[in-house]
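K.L.:
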Amino acid sequence: MGEHKQRSYTARGADTRRRIRATAMELFRDREYGDVTVSELAEAAGEYPNQITYHFGSKDALYIDAAFGLLLRDTERLRKAGQRASTPDTLRAVLARTALTMPSTTAIVSALALARGNSAVQPSIESSLSLLFRQSERFLERVQEERGWTTDQDLGRAVKTFWSAAFGAVLISQAGYPGGPSSVDVAATLSFRPADEG
0 MGEHKQRSYT
10 ARGADTRRRI
20 RATAMELFRD
30 REYGDVTVSE
40 LAEAAGEYPN
50 QITYHFGSKD
60 ALYIDAAFGL
70 LLRDTERLRK
80 AGQRASTPDT
90 LRAVLARTAL
100 TMPSTTAIVS
110 ALALARGNSA
120 VQPSIESSLS
130 LLFRQSERFL
140 ERVQEERGWT
150 TDQDLGRAVK
160 TFWSAAFGAV
170 LISQAGYPGG
180 PSSVDVAATL
190 SFRPADEG
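Shown next, in the form of structure tokens:
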């Protein structure tokens, strides 16, 4: 295969993968994993079902990819909400409330459940969570610097604790525990204060 043909083939493959992923994000945004079939995904993306397997390996892997895509897109809501917060307490409350009410948080909980015991998708879960944690940590570092706030926490650990608490709260709610996610104090996982209070 010539170099030009190889580039063209690679570009078409990347385009197909993007189209399938975008379609999956659209379908899984408001629907659960079991409510969407591979045939439906393929048809909506204008592809054959075998293209899902070829590009993503399985429906599980595609769902996980789409769920994290939705969450990373929704983190823009978190950033905007956090930027409007004028006090550390407001920031903590707004971030917790927003994270718990984003539909993508529910999708991530389902994605993590699918990944349990599935070694084929573990690398995707690991890289996606690492990206989420890095972006969240950078955001908090920026807020802290801009506002002149301080914290005794290790921000990397705080971010992991925050997201673990948010995912856990949604999971407990899905399991039928009374009170819903709001009964878990996710905001308490973050601790900032004005520097002059240090």
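First residue of the sequence shown? That's 0 in numbering that gives the first Met the number 0, and the numbers climb one at a time after it. Glycine included, every Cβ here is placed at the ideal spot set by N, Cα and C.
Suppose you measure from the CA of residue 38 to the CA of residue 108; what does that come to, to the nearest Å?
P.N.:
Reading the sequence shown from its first residue, position 39 is the one you call residue 38. Reading the sequence shown from its first residue, position 109 is the one you call residue 108. Whole-angstrom Cα-Cα distance: 24 Å.
K.L.:
Is it buried or exposed for residue 60, if we count other Cβ within 10 angstroms and need 16 for buried?
P.N.:
Residue 60 sits at position 61 when you count from the first residue of the sequence shown. Looking at its Cβ environment, which holds 16 or more other Cβ atoms inside 10 Å, residue 60 is buried.
K.L.:
Mind reading off the beta-carbon distance from residue 157 to residue 185? Whole number of angstroms is fine, and I expect it under 8 Å.
P.N.:
Numbered from 1 along the sequence shown, position 158 holds the residue referred to as residue 157. Numbered from 1 along the sequence shown, position 186 holds the residue referred to as residue 185. About 12 Å; that fails the 8 Å criterion.
K.L.:
Rounding to the nearest angstrom, what Cα-Cα distance links residue 113 and residue 57 in this structure?
P.N.:
Numbered from 1 along the sequence shown, position 114 holds the residue referred to as residue 113. Numbered from 1 along the sequence shown, position 58 holds the residue referred to as residue 57. The alpha-carbon atoms of residue 113 and residue 57 are separated by roughly 12 Å.
K.L.:
Just reading off the alpha helix (DSSP H) that residue 42 is part of, what are its end residues?
P.N.:
Residue 42 sits at position 43 when you count from the first residue of the sequence shown. First-last of the alpha helix (DSSP H) with residue 42: 37-44.
K.L.:
Considering only residues of the same chain and omitting the five flanking positions on each side of residue 27, which have a CB-CB separation below 8 Å?
P.N.:
Within the sequence shown, numbered from 1, the residue matching residue 27 stands at position 28. The residues are 35, 62, 65, 66, 69 and 106.
K.L.:
Leaving aside the five residues before and after residue 161 along the sequence, list all residues of the same chain whose C-beta is less than 7 Å from its C-beta, in chain order.
P.N.:
Sequence index remark: in the sequence shown, residue 161 carries index 162 (1-based). So the qualifying residues of the chain are 185, 188 and 189.
K.L.:
Would you grab the beta carbon distance between residue 98 and residue 90 for me? Rounded to a whole angstrom, and I think it's under 8 Å.
P.N.:
In the sequence shown, residue 98 corresponds to position 99, counting from 1. In the sequence shown, residue 90 corresponds to position 91, counting from 1. In fact, because the Cβ distance is near 12 Å, the residues do not count as touching under 8 Å.
K.L.:
Determine the extent of the alpha helix (DSSP H) in which residue 74 is found, giving its start and end residues.
P.N.:
In the sequence shown, the residue the question calls residue 74 occupies position 75. Where residue 74 is concerned, the enclosing alpha helix (DSSP H) stretches over 58-83.
K.L.:
Using three-state DSSP, classify residue 115 as helix, strand or coil.
P.N.:
Counting from 1 along the sequence shown, the entry for residue 115 is found at position 116. In this structure, residue 115 counts as coil in the three-state DSSP scheme.
K.L.:
Tell me whether residue 29 is buried or exposed, calling it buried when 16 or more other Cβ atoms sit within 10 Å of its Cβ.
P.N.:
Position 30 of the sequence shown, counting from 1, holds the residue named residue 29. Exposed is the call here.
K.L.:
Which word fits residue 73, buried or exposed, when buried means at least 16 other C-beta atoms lie within 10 angstroms of its C-beta?
P.N.:
As a first step, residue 73 must be located in the sequence shown, where it is residue number 74. Its Cβ being crowded by 16 or more others within 10 Å, residue 73 is buried.
K.L.:
Please classify residue 87 as buried or exposed, where buried requires at least 16 other C-beta atoms within 10 Å of its C-beta.
P.N.:
Mapped onto the sequence shown, residue 87 falls at position 88. Residue 87 should be labelled buried.
K.L.:
At the level of alpha carbons, what is the spacing between residue 170 and residue 111?
P.N.:
Here the question's residue 170 lines up with position 171 in the sequence shown. Here the question's residue 111 lines up with position 112 in the sequence shown. Taking the straight line from one Cα to the other gives about 10 Å.
K.L.:
For my contact list, residue 138 and residue 159 are in at a C-beta cut-off of 8 Å; report their separation, rounded to the angstrom.
P.N.:
Along the sequence shown, read from residue 1 onward, the residue named residue 138 stands at position 139. Along the sequence shown, read from residue 1 onward, the residue named residue 159 stands at position 160. 14 Å between Cβ atoms; not a contact.
K.L.:
Once the 5 residues before and after residue 76 are set aside, which same chain residues still bring their CB inside 8 Å of it?
P.N.:
Taking the first residue of the sequence shown as position 1, residue 76 is located at position 77. Hits under 8 Å: 97 and 101.
K.L.:
Alpha helix (DSSP H) containing residue 142: first to last residue?
P.N.:
Reading the sequence shown from its first residue, position 143 is the one you call residue 142. That run of the alpha helix (DSSP H) goes 121-146.
K.L.:
Going by DSSP, name the residue or residues bridged to residue 210.
P.N.:
Nothing in the structure corresponds to residue 210, since the chain is present only between 0 and 197.
K.L.:
When you compare each of 167, 146, 166 and 24 to residue 193 by their alpha carbons, which one comes out closest?
P.N.:
As a working note, residue 193 is residue 194 in the sequence shown. Taking only the C-alpha atoms, the option nearest residue 193 is 146.
K.L.:
Cα separation between residue 118 and residue 53?
P.N.:
To locate residue 118, count along the sequence shown from 1; it is residue 119. To locate residue 53, count along the sequence shown from 1; it is residue 54. Taking the straight line joining both Cα atoms gives about 18 Å.
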